[in-house]
Amino acid sequence: MYIDDSYELYKKLKSLKLLQESPSFWWPHYGSFEVVLGVILTQSTSWKNVEKSLVNLRVNDLLSLEGMSTCNLDVLMLHITPSGYYRNKAKYIKLLTQNIIETFGDFETFCTEVSREWLLAQKGVGQESADSILCYACKRCEMVVDSYTQKLLNALGYEFESYDELKYWCENIHSYFSDEELPKVYAEFHGMIVEYMKRYSSRKAIEIVF
DNA sequence: GGCCAGGTGTAAA
DNA sequence: TTTACACATGGC
3 MYIDDSYELY
13 KKLKSLKLLQ
23 ESPSFWWPHY
33 GSFEVVLGVI
43 LTQSTSWKNV
53 EKSLVNLRVN
63 DLLSLEGMST
73 CNLDVLMLHI
83 TPSGYYRNKA
93 KYIKLLTQNI
103 IETFGDFETF
113 CTEVSREWLL
123 AQKGVGQESA
133 DSILCYACKR
143 CEMVVDSYTQ
153 KLLNALGYEF
163 ESYDELKYWC
173 ENIHSYFSDE
183 ELPKVYAEFH
193 GMIVEYMKRY
203 SSRKAIEIVF
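Just so we're aligned, residue 3 is where the first sequence starts under my numbering, counting upward by one.
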């Protein structure tokens with residue numbers, strides 16, 4: 003099957019009913035501070051391992067901006083050990099949360115005022131993490147693309163030079179939706195791509211559905 | 001036992 | 001500006 007544009011891909015994935023009907027728009031606790039932590043923790047790491055870390059942080063009452071920014075670094079490393087790269091990730095989380103408080107004061111202000119450039123200037127936050135935070139924590143109008151997106155579109159015959167090129171191809175669906183529904187559409191679009199690839203591409207079978 | 005996961009920073013070419 | 005490598009755990 004040939005896919006003309008991102009809207010067709012979106013509709014196709016939508017018809018597969020890959021996401022559970024829930025108000026969370028794929029990322030658990032969409033729109034909350036917890037998403038920021040998940041974004042860092044899940045870098046090159048399975049979500050199962052991230053959940054272990056999030057449980058550790060939750061039972062120790064550390065799932066807040068203040069809790070994270072003031073937490074002892076060694077304690078933080080211990081809690082997030084299951085997610086791998088724990089030394090780097092602990093440092094990045096601590097710095098990021100401290101900078102959020104220093105620059106924006108609280109999470110709500112952060113969500114409305116933070117820019118992509120500000121996020122990209124933070125250690126441990128690359129393009130995908132910046133967009134993930136904007137899309138899933140701040141409910142902004144930013145599409146996340148990742149290696150799954152890349153692989154899927156390559157399999158469908160597309161080639162992209164850069165992250166941005168791929169992102170803009172995906173964001174082309176914007177003309178089919180209102181500004182109000184767009185953040186959720188992007189959130190769900192990326193979520194559907196990930197779920198699709200996890201299910202069908204694990205070996206070689208992209209053609210199963212397309 | 002090897003490979004991969006909801007990537008990023010850094011150093012060297 | 002690109003490429004190579006380090007960072008690390010747990011599931012399959």
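A virtual CB, placed ideally from N, CA and C, is assigned to each residue, including glycine.
Residue interval of the alpha helix (DSSP H) (run including residue i)
{"i": "S55", "result": "W49 to V61"}
{"i": "D166", "result": "Y165 to C172"}
{"i": "I102", "result": "Y88 to F106"}
{"i": "M79", "result": "L75 to H81"}
{"i": "K125", "result": "Here K125 belongs to no alpha helix (DSSP H), and DSSP marks it neither H nor E."}
{"i": "V271", "result": "Outside the shown range of the chain (3 to 212) lies residue 271, about which nothing can therefore be said."}
{"i": "Q152", "result": "S149 to A157"}
{"i": "S140", "result": "Looking at the sequence itself, residue 140 is Cys, so the reference to Ser does not match. C140 -> no alpha helix (DSSP H), and no H or E assigned at all."}
Chain-order list of residues whose beta-carbon lies under 7 Å from that of residue i (same chain, five-residue window excluded)
{"i": "L43", "result": "V52, S55, I82, S85 and K91"}
{"i": "F112", "result": "I102 and F106"}
Contacting residues, own chain, Cβ-Cβ under 6 Å from residue i (five flanking each side not counted)
{"i": "Q100", "result": "S71"}
{"i": "E197", "result": "L20"}
{"i": "C73", "result": "L64"}
For residue j and residue i, believed in contact at Cβ under 8 Å, the rounded distance
{"i": "D108", "j": "L67", "result": "7 Å"}
{"i": "E130", "j": "W28", "result": "Their Cβ separation, rounded to whole angstroms, is 15 Å, which puts E130 and W28 out of contact at 8 Å."}
Neighbourhood of residue i by C-beta, 8 Å cutoff - its chain only, sequence neighbours within 5 removed
{"i": "Y4", "result": "L158 and G159"}
{"i": "L97", "result": "Q124, K125 and G126"}
{"i": "L75", "result": "A92, K93 and K96"}
{"i": "R89", "result": "M79"}
Exposure of residue i, with buried meaning 16 or more beta-carbon neighbours within 10 Å
{"i": "R201", "result": "exposed"}
{"i": "S134", "result": "buried"}
{"i": "K169", "result": "buried"}
{"i": "Q117", "result": "Note that residue 117 is Ser in the sequence shown here, rather than Gln. Result: exposed."}
{"i": "T151", "result": "buried"}
{"i": "R142", "result": "buried"}
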